[in-house]
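A.B. asks:
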Amino acid sequence: MKILIIGATSAIAIATARLYAERRDHLFLIARNAERLSDLAADLRVRGAQSVACKALNLDEVGAHAAVIAEAEAFLQHIDVALIAHGVLPDQTASATDYKHALNSITTNGLSVISLLTELAKRMQAQRSGTIAVITSVAGMRGRQPNYVYGAAKAMVSTYLQGLRGRLHEFNVHVVDIRPGLVDSPMTAQFPKGLLWSRPEVVANKIVNSVARKQHTVYAPGYWRWILLFVIAIPEALFKRMKF
Ligand SMILES: NC(=O)c1ccc[n+]([C@@H]2O[C@H](COP(=O)([O-])OP(=O)(O)OC[C@H]3O[C@@H](n4cnc5c(N)ncnc54)[C@H](OP(=O)(O)O)[C@@H]3O)[C@@H](O)[C@H]2O)c1
1053 MKILIIGATS AIAIATARLY AERRDHLFLI ARNAERLSDL AADLRVRGAQ SVACKALNLD
1113 EVGAHAAVIA EAEAFLQHID VALIAHGVLP DQTASATDYK HALNSITTNG LSVISLLTEL
1173 AKRMQAQRSG TIAVITSVAG MRGRQPNYVY GAAKAMVSTY LQGLRGRLHE FNVHVVDIRP
1233 GLVDSPMTAQ FPKGLLWSRP EVVANKIVNS VARKQHTVYA PGYWRWILLF VIAIPEALFK
1293 RMKF
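In structure tokens form, the structure reads like this:
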């Protein structure tokens, strides 16, 4: 299969890319750190990928998206799977008091993803096949005090994906929304870990399986579906007092 991974140096994306490499797939990788990207490409070749190409890009530069997606398509010829994985966890206090700070993270977590989806959708619609998978978050399902700026951007993407899924359905293009819970990755390095935490490899398995099964919305691990059902059911009068 021909796989495009955007934000390829994320811990979850690396674990996913390794699974595709072991299946001898072809990969095109996009991430902003050129050195880590070329190390990752070499690692994936050793693990079995049939071909790997990469492009370094700061994904906040939305004006460059059309060209980089065109480059990926030229290399892969046909994009079977496109995974969007990049993201940042902003400092909530800074984001809540400084609009520029909020805008920076909303650009990375929300607007840059929508720009990429706009380009990918055009190409997938034209080829009349393929799957677009995007890593959002359970944080997008209810605005919590400690991370509502992050959650708002993820919610924007999840809502966008729902509409996009409907639009692309008749073109045989599938859209998967992957919503991880707490994952032990560089993004969360500063937090103490507990029972609910999982490894990037667990989420990666879920991504590969949900793409193969053409699932719609996937919680990773699956128990987050039930946790979120509970969180959503908490009455607002109580929820607004909760600091978690
Ligand atoms: N970890 C969790 O608990 C958790 C939970 C729910 C959802 N998620 C989501 O899962 C996805 C992957 O995160 P992760 O846990 O694997 O964390 P991670 O290893 O820290 O990955 C985040 C990646 O995003 C990249 N990135 C950030 N801003 C970028 C930009 N402007 N241009 C290009 N790349 C950029 C980073 O690149 P650099 O390496 O160059 O900085 C990094 O590779 C993210 O969308 C995240 O929001 C994570």
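Residue numbers for the sequence shown follow this note's numbering, beginning at 1053 and rising by one. Cβ coordinates follow ideal geometry from the N, Cα and C atoms, glycine included.
Nearest to D1132 by alpha carbon, out of Q1179, I1259 and G1215?
C.D. replies: For the purposes of this step, residue 1132 is taken as residue 80 along the sequence shown, with counting starting at 1. The residue with the shortest Cα to Cα distance from D1132 is Q1179.
A.B. asks: Compare the C-alpha of S1189 against each of A1094, G1162 and R1099 and name the closest.
C.D. replies: Numbered from 1 along the sequence shown, position 137 holds the residue referred to as residue 1189. Of the listed residues, the one whose Cα sits closest to S1189 is G1162.
A.B. asks: How far does the beta strand (DSSP E) with H1300 in it extend, from its first residue to its last?
C.D. replies: There is no way to answer for residue 1300, as the model of the chain reaches only from 1053 to 1296.
A.B. asks: Got a sec: does ligand 1 put a non-hydrogen atom nearer than 8 Å to the Cβ of G1139?
C.D. replies: Locating residue 1139 in the sequence shown gives position 87, where the first residue counts as 1. Yes; taking the cut-off as 8 Å, the Cβ of G1139 has a heavy atom of ligand 1 nearer than that.
A.B. asks: According to the Cβ coordinates, are L1216 and I1184 closer than 9 Å?
C.D. replies: Along the sequence shown, read from residue 1 onward, the residue named residue 1216 stands at position 164. Along the sequence shown, read from residue 1 onward, the residue named residue 1184 stands at position 132. Yes, Cβ-Cβ distance for L1216 and I1184 is below 9 Å.
A.B. asks: If contact is defined by three or more beta carbon pairs under 8 Å, each pair taking one atom from either stretch, is the stretch 1054-1066 in contact with the stretch 1135-1154?
C.D. replies: With the cut-off at 8 Å, the stretch 1135-1154 and the stretch 1054-1066 touch.
A.B. asks: Can you find at least 3 beta carbon pairs, one from the stretch 1112-1126 and one from the stretch 1086-1099, that sit closer than 8 Å?
C.D. replies: Touching, no.
A.B. asks: Compare the beta carbon distance of I1230 and V1255 with 9 Å and say whether it is the shorter of the two.
C.D. replies: In the sequence shown, counting from the first residue as 1, residue 1230 sits at position 178. In the sequence shown, counting from the first residue as 1, residue 1255 sits at position 203. Yes, the pair counts as a contact, with Cβ atoms nearer than the cut-off.
A.B. asks: Does DSSP put T1061 in a helix, a strand or coil?
C.D. replies: In the sequence shown, counting from the first residue as 1, residue 1061 sits at position 9. Three-state DSSP puts T1061 in coil, outside helix and strand.
A.B. asks: Quick check on the burial criterion: 16 or more other C-beta atoms within 10 angstroms. Buried or exposed for Q1197?
C.D. replies: Taking the first residue of the sequence shown as position 1, residue 1197 is located at position 145. Burial call: exposed.
A.B. asks: By alpha-carbon positions, which one of S1062, L1247 and G1195 ends up nearest to Y1275?
C.D. replies: Within the sequence shown, numbered from 1, the residue matching residue 1275 stands at position 223. For Y1275, the nearest C-alpha among the options comes from L1247.
A.B. asks: Does the stretch 1074-1081 come within contact of the stretch 1120-1132, defined as at least 3 CB pairs closer than 8 Å?
C.D. replies: Yes, they touch.
A.B. asks: Under the criterion of a Cβ to heavy atom distance below 8 Å, does P1287 qualify as lining ligand 1?
C.D. replies: Stepping through the sequence shown from its first residue, residue 1287 is reached at position 235. Flag unset: Cβ of P1287 not near ligand 1.
A.B. asks: Secondary structure at G1182, three-state DSSP: helix, strand or coil?
C.D. replies: Locating residue 1182 in the sequence shown gives position 130, where the first residue counts as 1. Strand.
A.B. asks: Beta carbon of D1095: closer than 8 Å to some heavy atom of ligand 1?
C.D. replies: For the purposes of this step, residue 1095 is taken as the residue at position 43 of the sequence shown. It does not: the Cβ of D1095 is nowhere closer than 8 Å to a heavy atom of ligand 1.
A.B. asks: Does ligand 1 have a heavy atom nearer than 8 Å to the CB of D1077?
C.D. replies: Residue 1077 sits at position 25 when you count from the first residue of the sequence shown. D1077 Cβ: outside cutoff for every heavy atom of ligand 1.
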